[in-house]
Structure formats: C-alpha cells, structure tokens
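Notes follow once the structure below has been shown.
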Amino acid sequence: TSPLLVIHGGAGVERKDLSPPEEKAARAALQAALLKGHAALAAGRPALDAVTAAITVLEDDPTFNAGKGAVFTHDGRNELDASLMDGATQAAGAVAGVQRVRNPIQLAQRVMQKSPHVMMVGQGAEAFAVEQGIALVDPSYFRTDKRWQQLQRALKEEAGGQAHADLETARHFG
Amino acid sequence: TVGAVALDAQGHLAAGTSTGGMTNKRYGRVGDSPIIGAGTWADARCAVSGTGWGEYYIRTAAAHEICARMRYLGQTPEQAGKGVINEAIPQMGGDGGAIVLSADGKAATPFNTQGMYRGWIGADGVPHVAIFASE
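Top line first, the protein sequences correspond to chains A and B. Just so we're aligned, residue 1 is where the first sequence starts under the working numbering, counting upward by one. Just so we're aligned, residue 1001 is where the second sequence starts under the working numbering, counting upward by one.
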C-alpha cells in the first residue's frame, strides 16, 4: 500500500482573523507536521505512530488550539483533550480535562497501550502520566497572549450580552 | 483542534485528535475530540478526525457515522464525509469539518466554514497545505 497522511489544524478559520505572518506560520507548521508523520510512514512504522508524530508537532505549535496555544476556559485554565484509534485492532486511547500534560496525544497512546482502559480524565489521567514517566509541565507552558485576549473578549461580550465578535470566541468554537 | 489520519505500508489505518476545547467553557464541558466514535474513529476500512461544534459531533457520532456509511452503503470518503459534515450536522444547527481516509488510499477534507487548516502527503513525500475553501 502507498502510505498517505492527512492532517487538520481546525475548522472555523476566517480570512479576517489571519494576518500574513500568522498564515505563513500556520502553513509552515502544517508542513512540518506532514513531514514528521511521513518520516514515520517512510520508515515502515505503523499508521498510529505517524498520527501521534504529526499531532505532537501541531500540539507544540502555538498557532493551533491544542497543547501550546490552547484556548482558555471561563476560569482562565487550559483543559486539554485527545484521543486516537488503531484501525487494525480497533484499540483506542483517550484523555480529557488534563491541565499539565504537554502532549495529550502521547498520553492517549499510553492509555491505549499501557492500560486496560480506553479513556481517563483529569487528575487521574495525570497520575497515570506520572506513573508512565511522562513529566508534567506547569500550566503556564500552554499560555499565549492571543488566546488570553480571546478569553477577555469572550468574557466582555458575555457580560454585555453581545453576540460573539468572531467564530473563535463564539460560544461553540474551539 | 488538530487531527491526523494515516494509512501505512501494511494497509493499516489510524486516526487521532487533540484539542484545547472552546474559549470560555465552564463546568468541565467536554467536546467530541476525546470521544471515540464522535471526534475520532478508525477501523480496517476508514479513519476520521473531526473538528467543529463538539456537541453536534457527539450527537451524530460523526466519525463513526462517516465510516459506517462507507462500510454499509459502500460510499466513498467524499460522499460519506459530505453527507455527515455538510448535510447532517448543519441540518441540526452545528458546523465544522473533518478529514477522512479509506484503506484504498482515498481521502476527503469536508468542512462548512470559511476555512480549515489542512494538509496531506503521499509516498512521494511532497507536503500539500491549504487553509481557505478556495484553495
């Protein structure tokens, strides 16, 4: 079979929200994620490793709403979720509501491969991460000013009963 | 939200999704990304990663629904992705996108917003990237 990798960095992108430098940075990050995932496939590694490798690059890039650069909750925290699934075995792993795991997709893969469970949440998932030797990071690692300002705008809009100024601060879009 | 679907040299598929959730969310709200069958699904024929208004991806079991249409109706990734992402979900009031990959190497990247960060790379190792619907 001819290996193939497809990625996304999130829908809801609006031209007016993207400056030329931001657009350039986003395209570069997507390209880096593709090359990283492709390297795994070209080395004969399984699709699962390519997925984890590509998503790790995107989690580490502050452009996207995952890992570093995640949006903020009402309380000013970053709550991260991730899941992955292996089509060959239908094994699956997922974590939700973690706040100190740098790469949630890698923890989801550990849940799949090193535990009898599919999904773990919150502090329990973080305790499992520590048991697996995954170092926890300070929550400030995830912070970017762009997302912090988005939260302030959303809070102001909410207080004023306004409709949301843009899709990313809209009630439903992450 | 970010995601990936991959087909390896053995013909096996995998899917993954990761997210920071939504701005200003409360009460420990969880969207579709960590929910197998909603934001992420992979089986022997099909792999999907979704991004959008999570509540609607959960209620339609969107990732599994796309793969079920391919399995039971023999639809292509394009047809199944369009049916769920561009028809079923908007009809309920939601929006967003997804990436879909089949074991015979067909891919689709349906979305119903102005843009979606997306990319693909094949055996030739040449990366392709797009953002807006016009690309």
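Here a beta-carbon is modelled for each residue, glycine too, at the ideal position from N, C-alpha and C. All values derive from a computational prediction rather than experimental measurement.
Within chain B, not a single residue places a beta-carbon under 8 Å from that of residue 123 of chain A; the smallest gap is close to 12 Å. Against residue 126 of chain A, chain B offers no close residue; the least beta-carbon distance is about 14 Å (beta-carbon pairs closer than 7 Å). In this chain, residue 119 of chain A is not harboured by any alpha helix (DSSP H); it is covered by the beta strand (DSSP E) spanning 119 to 121. Residue A/107 holds the alpha-carbon nearest to the alpha-carbon of residue 132 of chain A among A/46, A/10, A/81 and A/107. For residue 1036 of chain B, the residues of chain A that pass the 8 Å Cβ criterion are 83, 85, 92, 94, 118 and 119, in the order they occur in the chain. Within chain B, the residues placing a beta-carbon under 9 Å from that of residue 51 of chain A are 1003, 1004, 1005, 1006, 1014, 1015, 1016, 1042, 1047 and 1049, ordered along the chain. At least one CB of chain A lies nearer than 9 Å to the CB of residue 1117 of chain B. Residue 1098 of chain B is positioned such that its CB atom lies closer than 9 Å to that of residue 1051 of chain B. In this structure, residue 59 of chain A lies near residue 1002 of chain B, with their beta-carbon atoms less than 9 Å apart.
Residue 1002 of chain B: member of the beta strand (DSSP E) spanning 1002 to 1007, first to last residue.
For the pair of segments examined, the region 1069 to 1084 of chain B was found not to touch the region 1112 to 1119 of chain B: the number of CB pairs separated by less than 8 Å stays below three. Under the Cβ distance rule, residue 1069 of chain B does not count among the residues neighbouring chain A, no pair being separated by less than 9 Å.
Counting the other CB atoms within 10 Å of its CB gives residue 99 of chain A a total of 16 or more, which places it among the buried residues. For residue 1040 of chain B, the uninterrupted beta strand (DSSP E) run begins and ends at 1040 to 1042, by DSSP.
The Cβ of residue 136 of chain A sits no closer than 9 Å to any Cβ of chain B. The beta-carbon separation of residue 1036 of chain B and residue 94 of chain A, rounded to 6 Å, stays under the 8 Å limit for a contact. Look at the region 26 to 92 of chain A and you find these whole runs of alpha helix (DSSP H), each 4 residues long or longer: 47 to 60. The C-beta of residue 1032 of chain B has 16 or more other C-beta atoms within 10 Å across all chains shown, which makes the residue buried. Counting only Cβ-Cβ distances below 7 Å, residue 67 of chain A has contacts in chain B at 1018, in chain order. Per DSSP, residue 1116 of chain B lies in no alpha helix (DSSP H) segment; the continuous beta strand (DSSP E) that holds it begins and ends at 1115 to 1121. At a cut-off of 9 Å between C-beta atoms, residue 102 of chain A does not count as an interface residue with respect to chain B. Using a Cβ-Cβ cut-off of 9 Å, residue 1052 of chain B counts as an interface residue toward chain A, since at least one Cβ of chain A sits closer than that to its own. Residue contact check for residue 1073 of chain B against chain A: no CB pair falls below 9 Å. Under the DSSP assignment, residue 151 of chain A falls in the alpha helix (DSSP H) whose first and last residues are 145 to 159.
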